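Structure first, then comments.
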Amino acid sequence: SSQKGPKHAKTSEKIVKRTIRGMLPEHRFGRGRETYKRIKCFIGIPKEFQESKTIKAGKEKPDKFIQVKEISKR
Numbered sequence: 001s002s003q004k005g006p007k008h009a010k011t012s013e014k015i016v017k018r019t020i021r022g023m024l025p026e027h028r029f030g031r032g033r034e035t036y037k038r039i040k041c042f043i044g045i046p047k048e049f050q051e052s053k054t055i056k057a058g059k060e061k062p063d064k065f066i067q068v069k070e071i072s073k074r
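For the sequence shown, my numbering gives the first residue as 1, with consecutive numbering after it.
Written out as structure tokens, the structure is:
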């Protein structure tokens, strides 16, 4: 049945948070759990950071990439 089984997030911030969770050591216990609770994912720029100066991570664009919004539409 389609009502059972793994539930996948549709929104981009939840997809990113789930991806980060997979990178954490044992996200259900101890240090991994505390780290996971501190993760904040936003759609767009939050009001508290809109006035801040932006920093570019890399000067070169990658050749192949996919945006999170494209993943959430699949």
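Beta carbons: idealized from backbone N, C-alpha and C, even for Gly. All of these numbers come straight from a predicted model, not from anything done at the bench.
CB of residue i within 7 Å of CB of residue j, strictly
i	j	result
residue 55	residue 15	no
residue 47	residue 12	no
CA-to-CA distance, residue j to residue i, given in whole angstroms
i	j	result
residue 25	residue 57	25 Å
residue 36	residue 64	28 Å
residue 76	residue 42	No answer is possible for residue 76: it lies beyond the span of the chain, which begins at 1 and ends at 74.
residue 67	residue 18	15 Å
residue 33	residue 27	5 Å
Given residue i as reference, the closest of the options once Cα atoms are compared
i	options	result
residue 74	3, 9, 4 and 5	9
heavy atom of the ligand SAM below 6 Å from residue i C-beta
i	result
residue 18	Ligands in the displayed structure: none, and consequently the ligand SAM is not present.
Quick one: complete alpha helix (DSSP H) runs, 4+ long, within the region 26-56?
Annotation: the region 26-56 contains the following complete segments of the alpha helix (DSSP H) (minimum length 4 residues), in chain order: 30-38.
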